[in-house]
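The sequence shown begins at -18 in this note's numbering and counts up by one.
Ideal Cβ placement from N, Cα and C applies to all residues, glycine included.
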Amino acid sequence: MSQAVSFQRSPQLAIHPLNFYDDRRISSRQTVITRGLIVEYQLQKPVEFITSGLTHHVLPFRLDKVDRQQAARIDNQECKGLYLPGEFLFCPAYTPGFSAFLPNDNPVEAIVFMAEPTVLQQTAAETHCLHPHQVELLGTPKTRDPQIAAIATLFLNEINTGGLGGLVYAESLANLFLIHLLRHYCAFEPKLKQYPGGLSSHKLQQAIDYIQANLDQKLSLDAIA
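This is the structure:
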């Protein structure tokens, strides 16, 4: 791989991904923005993608079902070889990255997720994580994740067809994606806040068992307690 793709992290030089994915790289696009998450269907031109850093966490998920030769580098991690359908790279914000398909002669269909770091921090706070402003994601030049594949497919269907409750549905998918990033792509496992005076694990399980055993009854908080 060329030495030209070796960059240093520089937040000051980071650019917005919608400016990065410009007409030089994209033939057509359809965009959904919900809960601060940008999700875009793209027909990508067969060109190299090189960046010293983007302002958002970016995950491009390829939609075609063919094997492709690809070279990728995320920060100091490299991968070059066969990428099977469902395999993708993930580039955290402000991280140098490079990607190219080999040979680069065919356009690529992709769903691209772009999440601003503050949006992920807000999601961490809403889910009661400790130190949400310290959330750090780990990038990878190649991985596979069936849940990401499923979310990408659902977003593609929503972009193509829409339907009843489209905004609420898209927000639900966005929440699902962001929480999945927190669970599986963090440098360290997020810890939940502990609230004094709450139910112990044993008491909570007793309450759950009681509810499940009495679903056909009219339940009250006193009875559950």
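query = Within 10 angstroms of its Cβ, does F169 collect 16 or more other Cβ (buried), or is it exposed?
reply = exposed
key: Identity of the residue in A151, P171, L162 nearest I14 by Cα   = A151
inquiry  = Please report the straight-line C-alpha distance between G146 and L24, rounded to a whole angstrom.
reply    = 27 angstroms
key: Backbone CA spacing between G144 and N57 [nearest angstrom]   = 43 angstroms
query = Using the beta-carbon count (16 or more within 10 Å), is K172 buried or exposed?
reply = exposed
query = So does the stretch 1 to 20 actually touch the stretch 50 to 65, counting three or more Cβ pairs closer than 8 angstroms?
reply = no
inquiry  = Since L35 and F1 should fall inside the 8 angstroms C-beta cutoff, what is the C-beta to C-beta distance between them, to a whole number of angstroms?
reply    = 6 angstroms
ask   = Is the distance from the Cβ of L163 to the Cβ of A106 below 8 angstroms?
value = No.
key: Runs of beta strand (DSSP E) wholly within the stretch 70 to 154 (minimum 3 residues, chain order)   = 78 to 83, 89 to 96, 121 to 125
Bridge partner(s) assigned by DSSP for S207 = With the chain covering -18 to 206 only, the question about residue 207 has no answer from this structure.
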